[in-house]
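Structure first, then comments.
So, in C-alpha cells, the structure goes:
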C-alpha cells in the first residue's frame, strides 16, 4: 500500500529524468495533475495527458531535455511529508532559489506556484520544490 502518492510521482519523474526516458506514467490525483500542470507551465516538463482506462486514471508525462540531452530538472524534492507538514505564510513564499526555482503550494484556492500564491496574497502547505 502506498501512503504518499505525491512522493511516488516525484520519484518517478526524477528516476525517468536520470535514465533519460522520454515518457513516464504517474498515478492520477487532482493534486498531482495540478502539480504536473505547474511543471509544464514553468517549462520543466514538455507536456502531460490524462488517460482513462475504465475507472482507473493515469497521467502520461513527457519529459523535457536541453540541446545536450541533459534534463531540464536539476532537482525535484518533496518538502511536506506525511510525518512533517510544512506551511508558509504569504510573506515567506515569495521566491525560491532567487527566482530560478519553483515551490508548489497547496492553498485554499487550489494548488499554485509560489509566485502566483504571492500575487494572490495567500500562503499554504508547501508540497514540493523544483529547479
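Residue numbers (my numbering): 284 to 414. Built from N, CA and C at the ideal position, the CB exists for glycine as well.
Nearest to residue 350 by alpha-carbon distance, out of 303, 288, 410 and 285, is 303.
DSSP places residue 312 in no beta strand (DSSP E); its state is neither H nor E. In the three-state reduction of the DSSP assignment, residue 382 falls in the helix class, which pools H, G and I. If you look at residue 291, you'll find it in the alpha helix (DSSP H) that goes 288-301. Membership of residue 332 in the beta strand (DSSP E) is indicated by the continuous run 328-336. Assigned with DSSP and collapsed to three states, residue 323 falls in helix.
Closest in C-alpha terms to residue 297, from the list 370, 357 and 394, comes 357.
Between the segment 339-350 and the segment 366-373, the count of C-beta pairs closer than 8 Å stays below three; the two stretches do not touch. In the three-state reduction of the DSSP assignment, residue 402 falls in the helix class, which pools H, G and I. Assigned with DSSP and collapsed to three states, residue 408 falls in strand.
About 14 Å separates the Cβ atoms of residue 306 and residue 333, ruling out a contact at the 8 Å cut-off.
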